[in-house]
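K.L.:
Could you have a look at this structure, given as structure tokens, before my questions?
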């Protein structure tokens, strides 16, 4: 698990349509033709312990996928229709990046020893993402956060969708490029242009927000990749269907987040991966959905 990913629930805490053939279906999903691609990486800056490699040929059938991560507005429709309570609500707390927590609340919120930039905030959940007193009123088009893998699966069941497999996610995120480091190529900021929402400055002390955002960005920020998907690098981690490894204790997540920085967690590379337990949540965990065709 990377430091820009919230600790798992088991951590100690005292807190109780595109250029390369994608079409859009009736539900607004991008329909991607199946194909074979080279999955994984041998990137010298990768994390072998995350099992990013080896590079291997993988085939996927045709499938449909969200162009965007699920937004606060869309998740709100699900909650309003079903009365669903997220695991963060049931547990009574979730992890919030410390700089976003108001001073009084930050002072009393416990922090994991290994990653003290995370606060376990009582009363925080997707509608109040920084804790009591915050809201998502002007962030309807931002990705929903503080959703666990189990929450994402519940949403998918309601929407008639499912979570992507890691192979589907990476195939879609690559946008038709072969073994490129990012969805748009190998250079992080081509021509000085920011293409994703990650950390600039010195983590975790100062984010200069040179990419235009501190915290989450709208789901349609920046340019889409060659298949028409937005923000498959940075912004929020996205849950996938797969177990992370043979231990089958944590689920895989892809894409990195606004907290990723090359000094310690360059997991905004398209082949990068990390994991968390299915009941874990935090201020940079979201998801997008897929459907069979």
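Residue numbers (UniProt numbering): 1 to 293.
C-beta atoms are modelled at their ideal positions from N, C-alpha and C, and glycine is treated no differently.
Predicted, not measured: the structure shown is a model, and the values here were computed from it.
1) Starting from the Cα of residue 53, find the closest Cα among 167, 281, 66, 271 and give me that residue.
2) Can you round the beta-carbon distance between residue 295 and residue 233 to whole angstroms, since I take them to be within the 8 Å contact cut?
3) Tell me where the beta strand (DSSP E) around residue 86 begins and ends.
4) Reducing DSSP to helix, strand and coil, say where residue 105 ends up.
5) Output the boundary residues of the alpha helix (DSSP H) element that contains residue 57.
6) How would you call residue 198, buried or exposed, if buried means at least 16 neighbouring beta carbons within 10 angstroms?
7) Decide if the region 100-109 is in contact with the region 148-160; the criterion is three or more beta carbon pairs, one per stretch, under 8 Å apart.
8) Report buried or exposed for residue 61, applying the criterion of at least 16 other Cβ atoms within 10 angstroms of its Cβ.
9) Using CA coordinates, which residue listed in 77, 251, 5, 212 is at the minimum distance from residue 97?
10) Enumerated in chain order, which unbroken segments of the beta strand (DSSP E) with a length of 3 residues or greater are wholly contained in the region 162-240?
11) Go ahead and label residue 18 buried or exposed: buried means 16 or more other beta carbons lie within 10 angstroms of its beta carbon, across all protein chains shown.
12) Please classify residue 168 as buried or exposed, where buried requires at least 16 neighbouring CB atoms within 10 angstroms.
13) Less than 6 Å between C-beta atoms, sequence neighbours within five positions excluded: which residues of the same chain meet that for residue 170?
14) I'd like to know whether the C-beta atoms of residue 219 and residue 151 end up nearer to each other than 8 Å.
15) Would you call the region 127-135 and the region 84-104 touching, i.e. three or more CB-CB distances under 8 Å?
16) In this structure, does DSSP put residue 47 in helix, strand or coil?
17) Measuring only the C-alpha atoms, how far is residue 282 from residue 74?
18) Give me the Cα-Cα distance between residue 226 and residue 67, rounded to the nearest whole angstrom.
19) For residue 267, which of helix, strand or coil comes out of DSSP?
20) Within 10 angstroms of the Cβ of residue 263, are there 16 or more other Cβ atoms? Answer buried if so, exposed if not.
21) Tell me which residues share the same chain as residue 279 and place their Cβ nearer than 7 Å to its Cβ, disregarding the 5 neighbours each side in the sequence.
22) Let's test the definition: count the other Cβ atoms within 10 Å of the Cβ of residue 217 and tell me whether it reaches 16, buried, or not, exposed.
P.N.:
So, from the listed chains and residues:
1) The residue labelled residue 53 in the question sits at position 53 within the chain shown. The shortest Cα separation from residue 53 among 167, 281, 66, 271 belongs to 271.
2) Outside the displayed range of the chain (1 to 293) lies residue 295, so it cannot be described from this structure.
3) Looking up residue 86 in the chain shown gives position 86. Run containing residue 86: none; DSSP gives neither H nor E here.
4) Here residue 105 refers to the residue found at position 105 of the chain shown. Helix.
5) On the chain shown, residue 57 is found 57 positions in, with the first residue counted as 1. Where residue 57 is concerned, there is no enclosing alpha helix (DSSP H), although the beta strand (DSSP E) around it starts and stops at 56-60.
6) The residue labelled residue 198 in the question sits at position 198 within the chain shown. It counts as buried.
7) No, the region 100-109 does not touch the region 148-160.
8) Position 61 of the chain shown holds residue 61. When all chains shown are included, residue 61 counts as exposed.
9) The residue given as residue 97 occupies position 97 in the chain shown. Comparing Cα-Cα distances from residue 97 to each of 77, 251, 5, 212, the minimum goes to 5.
10) Within the region 162-240, there are no complete beta strand (DSSP E) runs of at least 3 residues.
11) Position 18 of the chain shown, counting from 1, holds the residue named residue 18. Low local confidence applies: a pLDDT of 39 at residue 18 is under 50, so the model's placement there is unreliable, and no value is given.
12) Position 168 of the chain shown, counted from the first residue, corresponds to residue 168. Counting of Cβ neighbours within 10 angstroms places residue 168 among the buried residues, the total reaching 16 or more.
13) Along the chain shown, one-based indexing puts residue 170 at 170. Same-chain partners within the cutoff: 39.
14) Looking up residue 219 in the chain shown gives position 219. Looking up residue 151 in the chain shown gives position 151. Not closer than 8 Å, so no.
15) Yes, since at least three Cβ pairs between the region 127-135 and the region 84-104 fall closer than 8 Å, the two stretches touch.
16) Here the question's residue 47 lines up with position 47 in the chain shown. In this structure, residue 47 counts as coil in the three-state DSSP scheme.
17) Counting from one through the chain shown, the residue named residue 282 turns up at place 282. Counting from one through the chain shown, the residue named residue 74 turns up at place 74. The alpha-carbon atoms of residue 282 and residue 74 are separated by roughly 18 Å.
18) Locating residue 226 in the chain shown gives position 226, where the first residue counts as 1. Locating residue 67 in the chain shown gives position 67, where the first residue counts as 1. Between residue 226 and residue 67, the C-alpha separation is close to 11 Å.
19) For the purposes of this step, residue 267 is taken as residue 267 along the chain shown, with counting starting at 1. Reduced to three states, the DSSP call for residue 267 is coil.
20) In the chain shown, the residue the question calls residue 263 occupies position 263. It counts as exposed.
21) Locating residue 279 in the chain shown gives position 279, counting from the first residue. The answer, listed in chain order, is 9, 87, 148, 150.
22) As a working mapping, residue 217 is identified with position 217 in the chain shown. Under a 10 Å Cβ-count criterion, residue 217 is classified as buried, with 16 or more other Cβ atoms of the shown protein chains found around its own Cβ.
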